[in-house]
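S.K.:
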Amino acid sequence: MRAYYMDNDPSDQRLAHDSGRAVDAETLDALGVLRWHIPVDPEGKWESEVDAIANERHYKNRDVVVVNKEGMGDQFEATLKKFYHEHMHEDEEIRYVIEGGGYFDVREAPTDEWIRLHVGSGDMLVLPAGIYHRFGLDMGMKSRTMRLFKDEPKWIAHNRGVDTDVNPFRVDYLKALQSKGVAVGA
Ligand SMILES: CSCCC(=O)/C(O)=C/O
Ligand SMILES: [Fe+2]
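Position one of the sequence shown corresponds to residue 90 (the working numbering), numbered consecutively onward.
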């Protein structure tokens, strides 16, 4: 998956918004963003590779979400808006893209710049609890994604704001960054 700093152009969120500045693996590692590429093959080998990661990381449950107009109907625009609103979760966000594509944008510390990860079929990523991020579709306007969970499937987003800035999971995330030597700002 390609990672780069976003430009500051406020136009259509489905466009790449590539500033031309690539983001290296060390930067993503330092932020706690884990990545794999496991091609979706017709023999289904991908399933055992995903299972191996799930077992190692104790992801016990999973489901599949399809984000597109046909599947979601009236809910489509509202759902996209919700996913694209900057937020964090109190648990890891674990996603394996089966089909289609989109962008996971994560906030870099301490710059607060958006780093954009363009994901497509076979990309798997884990966003740590407490990281500010968002999701949007790309121009293909469709994604079919497996979500994995340590516990029961749920989706609770805490939108960025003064209250969320002091959420214990956010505070712990920043402490974890600091302990790795990442400056987190004021
Ligand atoms: C393509 S998975 C749906 C997006 C989502 O679950 C999320 O939390 C985005 O940040
Ligand atoms: Fe999220």
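Note that CB positions come from ideal geometry on N, CA and C, so glycine has one too.
Taking the alpha carbon of H174 as the point to measure from, which residue in G191, D98, W244 and F224 has its own alpha carbon closest?
M.R.: Position 85 of the sequence shown, counted from the first residue, corresponds to residue 174. Per the Cα distances, F224.
S.K.: So is I183 buried or exposed if we call it buried at 16+ other beta carbons inside 10 Å?
M.R.: Position 94 of the sequence shown, counted from the first residue, corresponds to residue 183. The residue is buried, with at least 16 neighbouring Cβ atoms inside 10 Å.
S.K.: For E182, which of helix, strand or coil comes out of DSSP?
M.R.: Numbered from its first residue, the sequence shown carries residue 182 at position 93. Reduced to three states, the DSSP call for E182 is strand.
S.K.: For R91, tell me which candidate among K134, D152 and G209 has the shortest Cα-Cα distance.
M.R.: Indexing the sequence shown from 1 puts residue 91 at position 2. For the residues K134, D152 and G209, the minimum Cα distance to R91 belongs to G209.
S.K.: Skipping 5 residues on each side, what residues in its chain have a beta carbon closer than 8 Å to that of I187?
M.R.: What you label residue 187 is simply residue 98 of the sequence shown in a count that begins at 1. V129, V153, S210, R233, T234 and M235, listed in sequence order.
S.K.: Are three or more beta carbon pairs between the stretch 161-170 and the stretch 214-221 nearer than 8 Å?
M.R.: No: the two stretches stay apart, fewer than three of their Cβ pairs being nearer than 8 Å.
S.K.: Of all the options W244, M230, H106 and V260, which has the alpha carbon lying nearest to the alpha carbon of R151?
M.R.: For the purposes of this step, residue 151 is taken as residue 62 along the sequence shown, with counting starting at 1. The candidate whose alpha carbon is nearest that of R151 is W244.
S.K.: So does S232 have its beta carbon nearer than 6 Å to some heavy atom of ligand 1?
M.R.: Locating residue 232 in the sequence shown gives position 143, counting from the first residue. True, at least one ligand heavy atom lies under 6 Å from that Cβ.
S.K.: Span of the alpha helix (DSSP H) holding N150?
M.R.: Within the sequence shown, the letter at position 61 stands for residue 150. Segment N150 to V156 is the beta strand (DSSP E) holding N150; no alpha helix (DSSP H) there.
S.K.: According to DSSP, H207 sits in a beta bridge with which residue or residues?
M.R.: As a first step, residue 207 is located in the sequence shown; it is residue number 118 there, counting from the start. R91 and Y192, per the DSSP bridge assignment.
S.K.: Select from Y192, R110, A246 and T116 the residue whose C-alpha is nearest the C-alpha of L266.
M.R.: One-based indexing of the sequence shown puts residue 266 at position 177. The candidate whose alpha carbon is nearest that of L266 is T116.
S.K.: Rounded to whole angstroms, what is the Cα-Cα separation between T200 and G274?
M.R.: As a working mapping, residue 200 is identified with position 111 in the sequence shown. As a working mapping, residue 274 is identified with position 185 in the sequence shown. Answer to the nearest angstrom: the Cα atoms are 8 Å apart.
S.K.: Determine the direct distance from the alpha carbon of G270 to that of G297, and round the result to whole angstroms.
M.R.: Within the shown structure, residues of the chain are numbered from 90 to 275, placing residue 297 beyond reach of any answer.
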